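Add 226 to the 1-based position in the first sequence for the working numbering, that's all there is to it.
Built from N, CA and C at the ideal position, the CB exists for glycine as well.
All values derive from a computational prediction rather than experimental measurement.
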Amino acid sequence: MERNGFTLDADYCRAAEGRARDEEAVCLVELRKWLGTIHCAIPDDFNWASGKQLQELFHGRLALQPSPVWKKGRVKVAEGERKLDQVALEWIRNHSDRSMRRGVDELIRLRRLRGAIKYLAKLPTFIAPDGLVHPVTGPASDGDARSGTITWRLAAKNPEIQQIPSSEEKDWFRIRRAFVAPPDHTLIVADEAALEAVILAHIIIKLFGDHQLAEMVAPGAPNLHSRNAREVYGVQMGWERHGRAVRDFPLECFQDRESYPELYALRQDIKNKVWYAIMYGMQPYGLGFSLRDANDEPIGEKAARLVYDSLLASVPGIHRYQDWALGYIVEHGGMVGFGGAWVDLREFTESGDKWRLARAHRIAQNFPMQEGGARIIGHAMTEISDDPWLRGLGLCLERQIHDELDFRLPDSSPLPEVCARIQKHMTSYPLASKLQVTIGTGANWDDAK
DNA sequence: CGATCACGG
DNA sequence: ACGCCGTGATCG
């Protein structure tokens with residue numbers, strides 16, 4: 227990937243950057259206007275990127291209500307702790323009157339725009355004399371001690387290609403459209419579907435002979451997160467939405483944002499805030515802060531425990547896996563991945579401290595899934611690189627984003643057959659559960675995905 | 001150079 | 001102390 231490089235549309239970046247900077251300027255003017263209407267003067271060199279200055283303004287002079295939540299959980303408001311990250315800002319916004327809300331909204335906008343500008347401005351600077359961008363997957367220089375991860379995942383830097391904004395809500399400028407196929411080429415984007423859930427399904431079969439999760443993530447199975455949303459909120463908790471019992475809706479409704487926004491929101495909650503968090507060891511305490519009610523208030527540990535217990539009750543293998551992982555690290559002082567890597571956790575397990583043991587337990591639960599994912603994608607990468615037919619057709623690997631491989635292919639090559647061969651290699655790792663791959667093609671990264 | 005914030009899986 | 005693994009821009 228470092229040698230192959232990839233093509234970047236620098237003109238697209240510069241045009242989008244120009245629009246973003248224009249909007250940024252508007253934002254700054256609007257913020258000043260807002261402060262004027264509430265009769266609040268700030269120095270000319272006030273820095274909206276300074277957490278310290280922002281805290282003094284919001285919680286000092288404007289006396290906005292401090293948020294009890296931030297991205298990582300609880301804010302100790304009583305102890306004087308204040309947070310102004312995106313999660314906290316949203317809470318503050320929803321608990322402010324209209325005159326204040328105007329300013330908080332504008333600051334949220336400003337952060338978004340600057341997030342986009344960060345990438346749009348710097349990406350073209352990485353174009354090398356050969357016209358390509360060559361990101362680095364090992365140490366970036368003699369002074370760089372970072373050579374990867376303890377789970378054997380790759381990392382990528384200069385530029386950080388695995389962190390390019392993806393979601394439409396976060397990326398107003400579609401940065402991935404700048405990652406284009408070179409002339410007379412097509413991009414191929416191949417993604418392992420729900421990779422870590424498939425790995426956990428494999429582990430649960432091997433440990434307990436339990437095939438439930440494997441069947442839930444198998445090809446042709448009902449959508450995992452829709453199923454979980456209906457099971458947890460409908461069957462287990464008996465909630466109603468759109469004037470009907472949630473349990474009575476067909477699963478397709480949970481993915482229909484237009485017709486059933488309330489069901490769609492339940493599915494998003496389960497997918498983004500519950501499923502992976504629980505797989506990696508989040509407890510009802512933490513879940514009580516990340517899940518919110520209709521007023522954006524954290525639902526609390528007690529209500530979160532219902533969701534937590536419901537999900538574990540409907541997929542008992544996860545709970546058995548968690549117990550198994552704890553017993554394993556207590557006995558062995560570390561955790562093994564199925565690719566053979568080992569993470570030493572003795573500094574936690576031998577400390578005699580229950581919090582450090584809990585930390586080791588979470589690392590241990592996550593490790594086989596992250597390590598296994600790295601093995602599976604690494605296996606696919608080497609199989610594809612070693613395939614003489616693909617090599618002869620000029621297929622080039624451009625990027626790896628943990629569970630996704632991006633290639634370029636000359637247009638003279640047979641696209642459907644190449645995609646089929648990629649799919650075969652990406653599903654060939656021997657597992658008790660079944661790997662699935664989704665493939666897209668296009669002229670740029672955004673279209674192909 | 002540590003802390004905070006924001007982006008991805 | 002109460003999801004895991006990363007990279008990087010910015011502040012103080």
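Presumed contact (8 Å Cβ cut-off) between residue i and residue j, rounded CB distance
| i | j | result |
| --- | --- | --- |
| Leu477 | Arg456 | 6 Å |
| Met227 | Leu517 | The pair is not a contact, with the Cβ atoms about 38 Å apart (cut-off 8 Å). |
| Gly598 | Gly553 | With a Cβ gap of about 20 Å, Gly598 and Gly553 do not count as contacting. |
| Ile207 | Met505 | Since the first residue of the chain shown is 227 and the last is 675, residue 207 is not available in this structure. |
| Pro361 | Ala382 | 5 Å |
| Gln438 | Val541 | 7 Å |
| Ala590 | Ile555 | 5 Å |
| Cys266 | Arg287 | 6 Å |
| Ala600 | Trp378 | 4 Å |
Close Cβ partners of residue i (< 7 Å) along its chain, the five nearest in sequence each way excluded
| i | result |
| --- | --- |
| Gly526 | Gly514 |
| Leu349 | Leu234, Cys239, Pro385 and Ala404 |
| Leu290 | Phe284, Ile318, Ser322 and Met326 |
| His605 | Tyr655 |
| Gly460 | Ala471, Val472 and Arg473 |
| Pro510 | Glu527, Ala530, Arg531 and Tyr534 |
| Leu380 | Thr363, Gly374 and Gln626 |
| Ser659 | Val424, Ala427, His428, Ile431, Ala440 and Val443 |
Identity of the residue in the options nearest residue i by Cα
| i | options | result |
| --- | --- | --- |
| Gln388 | Val255, Asn449 and Glu630 | Glu630 |
| Pro355 | Leu623, Gly231 and Phe633 | Gly231 |
| Gly668 | Arg601, Phe633 and Thr653 | Phe633 |
| Thr375 | Pro542, Ala567 and His437 | Ala567 |
| Gly446 | Ser485, Asp673, Leu661 and Lys675 | Leu661 |
| Gly277 | Asp270, Val295 and Arg308 | Arg308 |
| Leu358 | Leu380, Val406 and Ile401 | Val406 |
| Glu249 | Val362, Pro636, Lys297 and Ala342 | Ala342 |
| Lys650 | Ala586, Leu450, Arg258 and Glu609 | Glu609 |
| Ala586 | Met561, Ala606 and Ala600 | Met561 |
| Ala236 | Arg245, Ser536 and Leu346 | Leu346 |
| Arg338 | Ser373, Ala420, Cys253 and Val303 | Cys253 |
| Pro524 | Asp436, Ser293 and Arg453 | Ser293 |
| Ala246 | Arg335, Tyr490 and Asp271 | Arg335 |
| Ile602 | Glu576, Thr653 and Leu616 | Thr653 |
| Thr664 | Ala658, Lys675 and Asp612 | Lys675 |
| Met607 | His628, Val569, Ile390 and Arg588 | His628 |
| Gln281 | Pro594, Asp311 and Trp501 | Asp311 |
| Glu243 | Asp570, Ser659, Lys344 and Lys499 | Lys344 |
| Val458 | Val500, Leu421 and Ala314 | Val500 |
| Leu596 | Ala420, Arg258, Glu395 and Ile431 | What sits at residue 596 in the sequence shown is Gln, not Leu. Minimum Cα distance to Gln596 is reached at Ala420. |
| Leu538 | Arg588, Asn454 and Trp274 | Asn454 |
| Ala241 | Arg324, Ala366 and Ile401 | Ile401 |
| Asn592 | Asp270, Gln279, Val569 and Leu257 | Val569 |
Beta-carbon proximity list for residue i, same chain, < 6 Å, skipping 5 on both sides
| i | result |
| --- | --- |
| Ser320 | Before going further, note that residue 320 is Asn rather than Ser in the sequence given. Taken in chain order, the residues that qualify are Asp522. |
| Arg582 | Phe574 |
| His451 | Arg493, Ile496 and Lys497 |
| Ile167 | The displayed coordinates of the chain run from 227 to 675. Any statement about residue 167 would go beyond what the structure contains. |
| Gly666 | Val415, Ala674 and Lys675 |
| Ser392 | none |
| Leu619 | Ser639 |
Run of the alpha helix (DSSP H) containing residue i, from where it starts to where it stops
| i | result |
| --- | --- |
| Pro614 | Pro614 to Gly618 |
| Ala453 | First, the amino acid is wrong: residue 453 is Arg here, not Ala. Start and end: Leu450 to Ala455. |
| Glu332 | Arg324 to Lys348 |
| Trp626 | One detail in the question is off: residue 626 reads as Gln in this sequence, not Trp. Gln626 -> not in any alpha helix (DSSP H); beta strand (DSSP E) instead, spanning Cys622 to Gln626. |
| Met595 | Lys580 to Ser611 |
| Lys543 | Per the sequence shown, residue 543 should be read as Gly rather than Lys. First-last of the alpha helix (DSSP H) with Gly543: Pro542 to His558. |
| Tyr502 | Tyr502 to Met505 |
| Phe434 | Leu421 to Phe434 |
| Phe515 | Pro510 to Ser516 |
| Asn320 | Gln312 to Asn320 |
| Pro642 | Leu641 to Met652 |
| Pro487 | Pro487 to Asp495 |
| Tyr238 | Ala236 to Thr263 |
Terminal residues of the beta strand (DSSP E) in which residue i lies
| i | result |
| --- | --- |
| His411 | His411 to Glu418 |
| Trp568 | Trp568 to Asp570 |
| Glu630 | Glu630 to Pro636 |
| Ile665 | Val663 to Gly668 |
| Val443 | From DSSP, Val443 is part of no beta strand (DSSP E); its letter is neither H nor E. |
Cutoff 8 Å; reference residue i; Cβ partners in own chain excluding five residues on either side
| i | result |
| --- | --- |
| Asp637 | Asp410, His411 and Thr412 |
| Arg572 | Gly559 and Gly560 |
| Tyr680 | Beyond the ends of the chain as shown, which are 227 and 675, falls residue 680; an answer cannot be given. |
| Leu616 | Ile610, Val644, Arg647 and Ile648 |
| Asp482 | Leu489 and Tyr490 |
Contact test: residue i Cβ vs the ligand ADP heavy atom, cutoff 8 Å
| i | result |
| --- | --- |
| Leu623 | As far as ligands go, the structure on display features none, and thus does not contain the ligand ADP. |
- Counting Cβ pairs, one atom from each stretch, are 3 or more of them under 8 Å apart for the region 538-552 and the region 331-338? Short answer: they don't touch.
- Task: Decide yes or no for the touch test of the region 464-471 against the region 434-445: beta carbon pairs closer than 8 Å, at least 3 of them.
- Result: Three or more Cβ pairs closer than 8 Å define a contact, and the region 464-471 falls short of that threshold against the region 434-445.
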